[in-house]
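Those letters in the sequence shown? Residues -18 to -1, 1 to 376, per mature numbering (1 follows the signal peptide of the UniProt record, and there is no 0), in order.
Quick notes on the structure that follows.
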Amino acid sequence: MGYMYILCFQALCSLVLQEKINPTSKLGIIYYALLDLCSLNPQFGMKKVAEKFAAMFCLQPVLVKLFHGFWCLDHKDFDNAFKFLIGSAGQLTLAPWQNSHIIRLFLEQDESKKALLFIRSVKPAMSNPADVELHLSVLIKNGLVNEAWQFQRQYRDPVRRQELLNHFFLGCHQSKSTGKMLKLPLDKVEVEHLIRFFEQSPFPQAREMLVMFYMQQGFYVEGVRLNEELKRDTMSDHDPAAQRRAAARNAIVGKYFDLLTKVQQDLAMRRDKTLRQRETTRIEVPRPRPLSTVVHQVNPRLVSRTAVINATLEKIAEARANESTSPQEAPFTGTPSTQKTRSLLSDLHAISFPKFPSEDITAAVTEAKTRSTQISQQQSMTTSPMSKWLRKDR
């Protein structure tokens, strides 16, 4: 133990002998070391060696309070540290990094109330985004969610909007103030960031809180769909606490579902495949090797449709001028004309009929009529009595 004191005393002497260090800083370091010796050796404490050193070298009372406050912080005497630091803050302005370290030390030691009192008493300047997030964390740790929400709106800019909102949501979740956060009148941008935070959050029960947030904000269709997904997940979960939360959540969502219209119920229970993006796979293939690398210059000749038609008509006219008598040798310019086939009726002009004089024709007709009269008389003579009776009956 004595060997350590010798090493510390040698390091202290080498520090004091350096010329680049401010004399006030040297005196403060020596005063801090004497406070350590007084805490370890009661005799030094009783003789008040540190106070006598400060009075002998005319160290300012404000600096004495400040160094004593730093020493109390290092030794976890937060009550005296807060008293000394607040006493020196009214007369001495600390650097921004010193204020940040003091506030962060209070937070890490679960002294959030003292950190809040220090901020409201000293009112340190927030020179960088880390100071804004630290101030926001102090407000959330003390349960001042509404004030923290107003504070982040005051210092939020379009560049760091997402980072500050995520820090606010994360702080509320860690301090178990999510219920207070969900009751805030969030605007459209904050609602979108909160939904994204719940969807990407690795913490358990984040999706369950998102269901209740959907129901609170009036997004009933999204809430019912998400609750149906959670039902399938909780079927394999055998945790009794998870089962009780699922039962309460299903009861609440079921009541909301009964109040929806028929269209909203169908929309909530239907899986909308159009909103799902198809999974695209990118396949990279090697660049094809060209068959020839020699570039040939080609002068293309543009030909219109009218020119093509005129050229065709010219060829037809030229073919008609040289055509033969046979239709088979003529070029095809339209519907092909085939040789007409002859029928038997088409050769009637080639049939020769006999010619008779008019007297012979008259005699032939008279003879035919006489023969028909004779035949009819013979038939009437040979008619049976039964046929006669039938005629009479008719």
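Here a beta-carbon is modelled for each residue, glycine too, at the ideal position from N, C-alpha and C.
For the pair Ala36 and Val44, the CB atoms are not nearer than the 8 angstroms cut-off. In the three-state scheme derived from DSSP, where H, G and I count as helix and E and B as strand, Asn148 is classed as helix.
Taking 8 angstroms as the cut-off, the beta carbon of Ala228 is found closer than this to the beta carbon of Thr216. The region 190 to 201 and the region 160 to 178 touch, with three or more beta-carbon pairs separated by less than 8 angstroms. Around the C-beta of Thr288, fewer than 16 other C-beta atoms lie within 10 Å, and the residue is accordingly described as exposed.
Nearest in C-alpha terms to Leu55, of all of Ile85, Thr75, Glu33, is Ile85. Residue range 287 to 303 is occupied by the alpha helix (DSSP H) that includes Ile298. The region 69 to 77 and the region 110 to 120 do not touch, with fewer than three beta-carbon pairs separated by less than 8 angstroms.
In this structure, the alpha-carbon of Val141 lies about 30 angstroms from that of Gln187. Cys20 is classed as buried because its beta carbon has at least 16 other beta carbons within 10 Å across all chains shown. Distances from the CA of Ile68 to each of Val104, Leu98, Trp53 were compared; the closest alpha carbon is that of Val104. Val235 sits close to Val206, with the two beta carbons spaced by under 8 angstroms.
Bounds of the alpha helix (DSSP H) holding Lys213 are 202 to 216. Taking C-beta separations shorter than 6 angstroms and ignoring five residues to either side along the sequence, Ser(-5) has no partners in its chain.
The three-state secondary structure of His155, taken from DSSP, is helix.
Pairwise C-beta distances place the region 123 to 132 in contact with the region 88 to 104, as three or more of them are shorter than 8 angstroms. With contacts defined as CB atoms closer than 8 angstroms, Glu181 and Leu168 fail to qualify as a contacting pair. Under the three-state reduction of DSSP, Pro24 is assigned to helix.
Taking the Cα of Phe64 as reference, the smallest distance to any Cα among Glu172, Ala233, Phe100, Thr294 is reached at Phe100. The DSSP assignment places no complete run of the beta strand (DSSP E) inside the region 72 to 127 (cut-off: 3 residues). Across the structure, His278 and Glu145 are spaced so that their CA atoms are roughly 59 angstroms apart. At the C-beta level, Leu118 and Gly153 come within 8 angstroms of one another. Ala(-8) and Leu17 do not touch by the CB rule: their CB atoms are close to 17 angstroms apart, not below 8 angstroms. Between the C-alpha atoms of Pro270 and Ser286 there is a straight-line separation of about 35 angstroms.
As the crow flies, the alpha-carbon of Ala299 is around 45 angstroms from that of Leu273.
Burial state of Gly161 is exposed, judged by a 10 Å Cβ sphere holding fewer than 16 other Cβ atoms.
In the displayed model, Asn232 falls within a helix according to three-state DSSP. Here Phe133 carries a helix assignment [DSSP, helix/strand/coil].
Relative to Glu115, the option among Phe150, Ala107, Phe88 whose CA is nearest is Phe150. Following the DSSP letters along the chain, one finds Val31 inside the alpha helix (DSSP H) bounded by residues 31 to 38. If you draw a 10 Å sphere on the C-beta of His57, you find fewer than 16 other C-beta atoms in it, and that means exposed.
Taking C-beta atoms under 8 angstroms as the contact rule, Leu166 and Asn128 qualify, at a distance of about 7 angstroms. The beta carbon of His50 lies closer than 6 angstroms to those of Phe66 in the same chain, with the five residues before and after it left out.
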